[in-house]
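A.B. asks: Take this structure first; my questions come after.
Numbering (this note's numbering), first residue to last: 16 to 1043.
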């Protein structure tokens, strides 16, 4: 088109006047007797079978096509690199919650993206099936206690329950539209015999590397679970209350030169007591020492009371804090002397319960020891040591040679009066006396037993104050009950020799978000050992043999090689069912018969920590991956779980992989290349979901509906859209309002797809129908530029797990670029132009490419919608949309010049719309098409603006949504219209005047544009179309 010239407004308007254009009309005038034809029948209105509201997941063909069939298809046909997503196994207990749904959907989005770009995806969903919750559930269902059933019966019932729960959860996972094959061969359970044997092989490798050892020492112990716990199985309650006590231990002044060392030799002092504070009074029966810090200063002070004068020792640094405690001292203390803590070391004191014991004189005095774990930050500066109930106490006494390093000797030397139920045993009588023991035996140490101890302390005259104390305390994550520290014989994994390798391995891992690396690293650095044994029935055995005459444990390469050979033959369950003689290795049989061996040996009954179970999930990849090929030094490309797994599964994967790594067969690297962490799902008020608050949102209720959601439910894609939209690396909210917003977003995306399908006639455009890029208009080139941007951002963001960025860009494309701009601009062209006109084919060319690309972009997050679009366009029998690759768009689509030009036109458009809005408010404009736009600029304007407006003059009507746009010289004279609204704007230094006026022509009954000359039947364009 030749560039337009600036002619006078009068001349240009003259040609647009209705009486001046009669000659242009080629339509025939209507006869009075003729009936007006139904011009709507001649319009090319969109026609599609694609509904605005639908849940395509209810179509079995679509659901199957995009899940099981798709997974199998890509395993057989994908030619790209292997992509392994290692599934963290959810616990097989109960229905799915929102955390489960979020987790699985986030993984599925990545897997589907990988299929689209050609990867061969490996994804085997798994379940964690052992452990206490299932065991407790079974006992509750049967209405019995653990000691009322045989271990064999418990294991049978637990396996049955676990398998039923797996089946139930699997059904619910399938409702989410997860691409996977749910057969037994392509899923895993930690109770599967093959899995258990792999786990035992990993355990054997760690034993052979000297990382597994047995020790009798204090560990976190859960009376409610009746088992030792690892750190990862603890949660901390910041609102826990304990009844702390300030008690006194009488110093044994008969010990050598103690009075001189304390500076009280010349004072009239006959008894001095050590002031001690503890939050666990129940541990005082196991007291074996009192620790002081040699580098701290201490004082002896006199305190007067109704009972007489008492003399107390406490740390100088704690004096002010102690004096401020109401009721601790009956009167202000009087300082008698001060000394270094080293002067106390070596002194002795009398047992605190000695006054209650019938043979108190025969009870030995106990030592005051030095320890660096005593600090001036809390308490009195003197710490009561019960090595059976405190790791620091245990370490301090062992380092001083006061405890043996032999497991059997330690067990006999440690003072402990608490059993596996967390109750006092009858042995406590040795400390408190027979009479006092009657009120303690079989009492819970965290309940009545603790209160009983306080009563005994009062009787012994040892209590100065009882104080309710709020502090952070560990709880059992499974039962939500407080734990205790208890010395038991347990199996440990030595992490000191692994954790440095683990920290180095993490440097090669990509973390999403990046800050999560610090969290995982800090947890790994803080651990020196891992208690891996549990005193439960339902689990994988720790296959240790115990020699009954010596009570010695055998767990070495020789014994495990033989035991694993037996278990491969008979199955892992044979450990529990088979005779012990079958497991004694030839090297230890000593020519004895099976009958003799059965009397000399016994099998261990401990099971492995469930974190060890799930932590060896990487071992399933050993047969799949050849390490050190194609630069692959890791097993899984990705693992994704909640932030709580930094304390759990992320660690156990890393530690077991490195702990069992053999340099020649598997490198000492992390078992994953990328580690993705998501936050917790909260309600709409940001509160944690709980039954007590009644704010639990169920994923199945979202999909299928319940009392709180629409009767038909939202379907899985709305839930998936929520998961893809939220910033999942933070805690996120969900509720009715959020879901309604997601449903509205889904409706807008569907509406955009529906318009494109209808315009294209539910079919792909033939190549011959498409218009080459160089022949496209500015608006088309702009839309393809935005499409190229969407395509690039989506590819990059999907790979980086930045799903919200993809959804934001997709939403912008659908709502702003297309619906608000391009669709609106081109409805007239699509409906009223001739079917094969260049202008219409330009638009269809863009819509065809846009629909193809947008379908690929939304497919990972919204697979059912993508399949529905694809099936509508290519027929219901077509293969999945994921079977055709997501190809990159041509580089020529990236057109910054088109972006710049359209930004300029959008500014003018905004001004036009502002004027139209004002006119509409004033009641002047009823229909936008009944207006014309006049753009007046000076001949001194910048050439870029003149050239842009000249080139795009023919598109401005469609862009502004009016019937006519006239360009004229601002200096020229003009006719006075019936009404006019005008304003100016600055475009790159050029002032442009924009005005709106009544349309100069009549309304065309076919296209409704006010472009029909008076007396003509139709406008020129419609006349040409209908009379061809």
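Cβ coordinates follow ideal geometry from the N, Cα and C atoms, glycine included.
From residue 392 to residue 333, what distance separates their C-alpha atoms?
C.D. replies: In the chain shown, the residue the question calls residue 392 occupies position 377. In the chain shown, the residue the question calls residue 333 occupies position 318. Distance between the alpha carbons of residue 392 and residue 333: 8 Å.
A.B. asks: Does the distance from the CB of residue 1002 to the CB of residue 924 come in under 8 Å?
C.D. replies: Mapped onto the chain shown, residue 1002 falls at position 987. Mapped onto the chain shown, residue 924 falls at position 909. Against a cut-off of 8 Å, the Cβ pair of residue 924 and residue 1002 comes out as no contact.
A.B. asks: Measuring CA to CA, which of 117, 889 and 133 is closest to residue 903?
C.D. replies: For the purposes of this step, residue 903 is identified with residue 888 of the chain shown, where counting begins at 1. Selected option, being the one with the closest Cα: 133.
A.B. asks: Where in the region 928–977 do unbroken runs of the alpha helix (DSSP H), each at least 4 residues long, occur, reported from the N-terminal end onward?
C.D. replies: Fully enclosed alpha helix (DSSP H) runs of 4 or longer: 958–966 and 968–975.
A.B. asks: Counting Cβ pairs, one atom from each stretch, are 3 or more of them under 8 Å apart for the region 91–107 and the region 208–215?
C.D. replies: The answer is no - the region 208–215 does not touch the region 91–107, with fewer than three Cβ pairs under 8 Å.
A.B. asks: Runs of 4 residues minimum, wholly inside the region 68–131: which ones carry the alpha helix (DSSP H) assignment?
C.D. replies: Entirely contained in the region 68–131, the alpha helix (DSSP H) runs reaching 4 residues are, in chain order, 75–80, 83–92 and 113–131.
A.B. asks: So, helix, strand or coil for residue 259, using DSSP?
C.D. replies: For the purposes of this step, residue 259 is taken as residue 244 along the chain shown, with counting starting at 1. DSSP places residue 259 in strand when its eight states are reduced to three.
A.B. asks: Given that a residue counts as buried once 16 or more other Cβ atoms are within 10 Å of its Cβ, and exposed if not, what is residue 709?
C.D. replies: Reading the chain shown from its first residue, position 694 is the one you call residue 709. Label assigned to residue 709: exposed.
A.B. asks: Quick one: grab the DSSP three-state call for residue 1037.
C.D. replies: Reading the chain shown from its first residue, position 1022 is the one you call residue 1037. Helix, per DSSP.
A.B. asks: Who are residue 292's beta bridge partners in DSSP?
C.D. replies: As a working note, residue 292 is residue 277 in the chain shown. Beta-bridge pairing links residue 292 to 261.
A.B. asks: Consult DSSP for residue 854 and reduce its assignment to one of helix, strand or coil.
C.D. replies: As a working note, residue 854 is residue 839 in the chain shown. If DSSP states are grouped into helix, strand and coil, residue 854 belongs with the helices.
A.B. asks: Check each candidate in 181, 865, 792 and 948 and name the one with the smallest Cα separation from residue 825.
C.D. replies: Looking up residue 825 in the chain shown gives position 810. The candidate whose alpha carbon is nearest that of residue 825 is 865.
A.B. asks: If residue 82 sits next to residue 182, beta carbons under 8 Å apart, how far is it from one beta carbon to the other, in whole angstroms?
C.D. replies: If you number the chain shown from 1, residue 82 lands on position 67. If you number the chain shown from 1, residue 182 lands on position 167. Wrong, their Cβ atoms sit about 17 Å apart, outside the cutoff.
A.B. asks: Look at the Cβ atom of residue 560, then the Cβ atom of residue 618, and state whether they are nearer than 8 Å.
C.D. replies: Counting from 1 along the chain shown, the entry for residue 560 is found at position 545. Counting from 1 along the chain shown, the entry for residue 618 is found at position 603. Yes.
A.B. asks: For residue 976, which residues of its own chain have a beta-carbon under 6 Å away from its beta-carbon, when the five flanking residues on both sides are left out?
C.D. replies: Counting from one through the chain shown, the residue named residue 976 turns up at place 961. So the list reads 943, once near-sequence residues are dropped.
A.B. asks: Can you tell me the Cβ-Cβ gap for residue 877 and residue 736, rounded? I've got them flagged as a contact below 8 Å.
C.D. replies: The sequence position of residue 877 within the chain shown is 862, counting from 1. The sequence position of residue 736 within the chain shown is 721, counting from 1. Between residue 736 and residue 877 the Cβ distance is about 6 Å, and since that is below 8 Å, they are a contact.
A.B. asks: Give the straight-line distance between the Cα atoms of residue 939 and residue 693, rounded to the nearest whole angstrom.
C.D. replies: As a position in the chain shown, residue 939 is number 924, starting the count at 1. As a position in the chain shown, residue 693 is number 678, starting the count at 1. Each residue's alpha carbon lies about 55 Å from the other.
A.B. asks: Roughly how many whole angstroms lie between the Cα atoms of residue 589 and residue 580?
C.D. replies: Here residue 589 refers to the residue found at position 574 of the chain shown. Here residue 580 refers to the residue found at position 565 of the chain shown. Whole-angstrom Cα-Cα distance: 11 Å.
A.B. asks: Tell me where the alpha helix (DSSP H) around residue 151 begins and ends.
C.D. replies: For the purposes of this step, residue 151 is identified with residue 136 of the chain shown, where counting begins at 1. Run containing residue 151: 147–157, per the alpha helix (DSSP H) assignment.
A.B. asks: Check whether the Cβ atoms of residue 1022 and residue 794 lie closer than 8 Å to each other.
C.D. replies: In the chain shown, residue 1022 corresponds to position 1007, counting from 1. In the chain shown, residue 794 corresponds to position 779, counting from 1. It is not a contact, given that the beta carbons lie outside the stated cut-off.
A.B. asks: Please list the terminal residues of the continuous alpha helix (DSSP H) segment that includes residue 591.
C.D. replies: As a working note, residue 591 is residue 576 in the chain shown. From DSSP, the alpha helix (DSSP H) with residue 591 extends over 589–592.
A.B. asks: Does the beta-carbon distance from residue 458 to residue 467 come in below 8 Å?
C.D. replies: Counting from one through the chain shown, the residue named residue 458 turns up at place 443. Counting from one through the chain shown, the residue named residue 467 turns up at place 452. Yes, the Cβ-Cβ distance between residue 458 and residue 467 is below 8 Å.
A.B. asks: Can you give me the Cβ contacts of residue 596 inside the same chain, cut-off strictly under 6 Å, excluding the 5 residues immediately before and after it?
C.D. replies: In the chain shown, the residue the question calls residue 596 occupies position 581. These residues qualify, in order along the chain: 609, 612 and 613.
A.B. asks: Can you name the residues that DSSP bridges to residue 176?
C.D. replies: For the purposes of this step, residue 176 is taken as the residue at position 161 of the chain shown. DSSP output for residue 176 lists no bridge partner at all.
A.B. asks: According to DSSP, simplified to helix, strand and coil, what is residue 1121?
C.D. replies: Outside the shown range of the chain, which is 16 to 1043, sits residue 1121, and nothing can be said about it.
A.B. asks: Tell me whether residue 565 is buried or exposed, calling it buried when 16 or more other Cβ atoms sit within 10 Å of its Cβ.
C.D. replies: Numbered from its first residue, the chain shown carries residue 565 at position 550. By the 10 Å Cβ count, residue 565 comes out exposed.
A.B. asks: Thinking C-alpha only, which one of 126, 110, 704 and 604 is nearest residue 179?
C.D. replies: In the chain shown, residue 179 corresponds to position 164, counting from 1. Of the candidates 126, 110, 704 and 604, the one whose C-alpha sits nearest the C-alpha of residue 179 is 110.
A.B. asks: Going by DSSP, name the residue or residues bridged to residue 353.
C.D. replies: In the chain shown, residue 353 corresponds to position 338, counting from 1. Bridge partners of residue 353: 314.
A.B. asks: Tell me the residue span of the alpha helix (DSSP H) that contains residue 766.
C.D. replies: Translated into positions along the chain shown, residue 766 becomes position 751. Residues 751–775.
A.B. asks: Would you mind working out which of 696, 506 and 170 sits nearest residue 621, comparing C-alpha positions?
C.D. replies: As a working mapping, residue 621 is identified with position 606 in the chain shown. For residue 621, the nearest C-alpha among the options comes from 506.
A.B. asks: Compare the beta carbon distance of residue 145 and residue 712 with 8 Å and say whether it is the shorter of the two.
C.D. replies: Counting from one through the chain shown, the residue named residue 145 turns up at place 130. Counting from one through the chain shown, the residue named residue 712 turns up at place 697. Not in contact: residue 145 and residue 712 (Cβ atoms no closer than 8 Å).
A.B. asks: Pop quiz: residue 217 and residue 675 are said to be a contact at Cβ under 8 Å. What is the actual Cβ separation, rounded to whole angstroms?
C.D. replies: Against the chain shown, residue 217 aligns to sequence position 202. Against the chain shown, residue 675 aligns to sequence position 660. Indeed, because the Cβ distance is near 5 Å, the residues count as touching under 8 Å.
A.B. asks: Given that a residue counts as buried once 16 or more other Cβ atoms are within 10 Å of its Cβ, and exposed if not, what is residue 809?
C.D. replies: By 1-based counting over the chain shown, the position of residue 809 is 794. Buried.
A.B. asks: Quick one: does residue 188 have its CB under 8 Å from some CB of chain D?
C.D. replies: Reference to chain D is not applicable here, since this structure consists of a single protein chain.
A.B. asks: To which residues does DSSP link residue 509 through a beta bridge?
C.D. replies: On the chain shown, position 494 is the one that residue 509 refers to. For residue 509, which the question treats as bridged, DSSP gives the partners 544.
A.B. asks: Below 8 Å between beta carbons: does that hold for residue 819 and residue 740?
C.D. replies: Taking the chain shown and counting its residues from 1, one reaches residue 819 at position 804. Taking the chain shown and counting its residues from 1, one reaches residue 740 at position 725. Taking 8 Å as the Cβ cut-off, residue 819 and residue 740 qualify as a contacting pair.
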